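Residue numbers are given in the working numbering: position 97 of the sequence shown equals residue 195, and the series is strictly consecutive.
Glycine included, each C-beta is placed from N, C-alpha and C at the ideal position.
Computed from a predicted model, the values in this text were never measured in an experiment.
Some notes on the structure that comes next.
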Amino acid sequence: MKDKREHRRYPILATAVIKAENDRDALPVESLVANISRSGLGLYSYSRIEKGISVSIEITFVSLKGSKQKDTVDGEVVWLSKLGRLYYIGVAFYEELNPAKQPVLYEHFWKVTRWD
């Protein structure tokens with residue numbers, strides 16, 4: 099089966115808090131980030147988030163200098179897979195990572211991906 103992704107995914111050590119955009123009653127969902135690309139990310143969570151849901155994701159990671167950093171991206175859940183008690187969730191960003199909207203995450207992403 100051919101991979102449909104437009105951009106390569108990279109592993110990243112990060113956590114994320116996922117908030118449903120259109121449901122004010124939905125509680126934030128904590129998750130672990132599996133990987134990230136310029137246009138999306140994969141997450142592990144104990145909570146199910148339905149395909150098609152618009153989400154805002156606050157990503158917390160450790161910079162290459164060792165400091166804790168945060169940034170936020172918006173996107174849509176495009177796939178969901180159950181793995182035992184966990185869900186593996188795929189999110190496509192509405193816009194590619196860019197220095198104007200996600201300056202901290204953008205800088206970190208490009209520093210890490212230059213190692214390829």
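In this structure, how does DSSP classify TYR192 when only helix, strand and coil are distinguished? Three-state DSSP puts TYR192 in coil, outside helix and strand.
Just list the beta strand (DSSP E) runs in the stretch 117 to 166, keeping only unbroken ones of 3 residues or longer that don't cross its boundaries, in chain order. Counting only runs that start and end inside the stretch 117 to 166, the beta strand (DSSP E) elements of at least 3 residues fall at 127 to 134, 138 to 143 and 152 to 160.
First and last residue of the alpha helix (DSSP H) that includes HIS206? Element bounds for HIS206: 201 to 211.
Taking 8 Å as the limit between beta carbons, can you name the residues of its chain near LYS209, skipping five residues before and five after? Spatial neighbours of LYS209 in its own chain (CB-CB distance under 8 Å, excluding positions within 5 residues in sequence) are listed in chain order as LEU162.
Considering only the beta carbon of each residue, do SER152 and LEU184 sit closer than 8 Å? Taking 8 Å as the Cβ cut-off, SER152 and LEU184 do not qualify as a contacting pair.
C-alpha distance - PHE207 paired with ARG122, whole-angstrom precision: Linking PHE207 to ARG122 through their CA atoms gives a straight-line distance of about 30 Å.
With 16 other CB atoms within 10 Å as the buried threshold, where does MET99 fall? Here the model assigns MET99 a pLDDT of 42, short of 50, so the residue's position is not dependable and the matter cannot be decided.
With distances taken from CA atoms, which of VAL175, ARG136 and GLN200 is nearest GLU156? Taking the Cα of GLU156 as reference, the smallest distance to any Cα among VAL175, ARG136 and GLN200 is reached at GLN200.
Can you find the residues in the same chain that come closer than 8 Å, C-beta to C-beta, to GLU174, ignoring five residues on each side of it along the sequence? Excluding positions up to five away in sequence, the list reads GLY150, ILE151, SER152, VAL153, VAL189, ALA190 and TYR192.
Expressed to the nearest angstrom, what Euclidean distance is found between the alpha-carbon atoms of LYS180 and TYR186? Each residue's alpha carbon lies about 6 Å from the other.
Coil, strand or helix - GLY182 by DSSP: Coil, per DSSP.
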